[in-house]
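Reviewing the structure listed below.
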Amino acid sequence: MPHIGLKEGVIRRVSGTERQDFRDHLLRLSPKSRRSRFTGSVSDLFIEQHVDRLFSSEAIVYGWVVDGVIRAGAELHPVGGPLRATAEAAFSVEEGWQDTGVGTALLGRVLRAARNRGLSRLIMTCLPENARMQRVARKHGARLQWQEGDVHGLINPPVPTPISLWREAMEEGEGFMNALFRPPKVAAE
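Okay, so the sequence shown: first residue is 1 according to full-length UniProt numbering, each after it adds one.
Given below as structure tokens:
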């Protein structure tokens with residue numbers, strides 16, 4: 001598992017046609033990383049069902065792609081009815097790729113997506129021992145509360161601006177081109 005910097009990969013939206021690639025990323029998570037992502041131990045079958053639900057919902061999925069392989073992911077799940085203002089966010093980073101700044105960058109991308117969709121509340125949940133996620137959340141101004149054995153983070157994204165909309169459009173375009181002309185996958189570990 002090489003330990004490289006954030007710039008060695010690219011963050012981009014993961015499309016439904018790449019659901020197997022995202023599933024493979026989640027299946028490569030160590031037991032400790034799975035527990036951190038799902039706030040408990042989960043089976044391979046659970047992950048497969050999660051990915052099926054994820055890509056048949058309104059969720060937005062981002063991946064950090066290195067040499068054609070998704071090594072980290074972020075999920076933005078809108079919550080509530082048509083006038084919703086809240087979304088939940090979840091993150092996963094494979095061991096060996098942690099502590100590269102990718103979690104911070106993924107949360108920044110998710111915050112911009114939430115902001116540009118007019119969401120006023122972004123909620124994250126993690127285990128009390130997940131100090132990495134708590135640190136990343138605090139970097140982005142999250143207010144953390146300990147409730148019922150978990151840590152809940154709340155961020156209130158600002159309202160969208162022409163610049164935030166433009167920046168997301170540019171990132172989406174760059175991500176699309178990266179996916180279109182991506183290098184062949186390197187054998188996953």
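Yeah, the Cβ is synthetic: ideal placement off N, Cα and C, and Gly gets one too.
Predicted model only: the values in this text are computed from it and were never measured.
If I'm right that residue i touches residue j with Cβ under 8 Å, what's the distance once you round it to whole angstroms?
i    : j    : result
V102 : W64  : 5 Å
R84  : S164 : About 19 Å; that fails the 8 Å criterion.
A137 : M124 : 6 Å
A89  : R37  : Not a contact, Cβ separation roughly 12 Å.
Evaluate residue i with the Cβ neighbour count: other Cβ atoms within 10 Å of its Cβ, from every protein chain shown; 16 or more gives buried, anything less gives exposed.
i    : result
M170 : exposed
W97  : buried
V66  : buried
F22  : buried
E58  : exposed
E94  : buried
G40  : exposed
M177 : exposed
Find the nearest neighbour of residue i within the set the options, judged by alpha-carbon distance.
i    : options                  : result
P128 : Q147, S164, L122 and R19 : Q147
L27  : P162, S43, S36 and K139  : S43
I70  : D150, P160 and E18       : E18
V159 : L76, S120 and K7         : S120
C126 : I47, G141, H152 and N156 : H152
L48  : G80, R135, G141 and D24  : One point to set straight first is that residue 48 is Glu, not Leu, in the sequence displayed. Nearest of G80, R135, G141 and D24 to E48, Cα basis: D24.
K139 : G108, L122 and R112      : G108
V10  : G149, G118, A72 and I60  : A72
P31  : S15, G68 and S92         : S92
A142 : L122, D150 and G149      : L122
Under the three-state reduction of DSSP, which class applies to residue i: helix, strand or coil?
i    : result
A87  : strand
R117 : coil
T17  : helix
A131 : helix
V61  : strand
H3   : Confidence is the limiting factor: at H3 the pLDDT is only 48, short of 50, which leaves the residue's position unreliable and the question unanswerable from this model.
Looking only at its own chain, which residues have a Cβ that is under 8 Å from the Cβ of residue i, when we skip the five neighbours before and after it?
i   : result
D52 : R19
Excluding the 5 residues flanking residue i on each side, which residues of the same chain have their C-beta closer than 6 Å to its C-beta?
i    : result
R35  : S41
Q145 : H152
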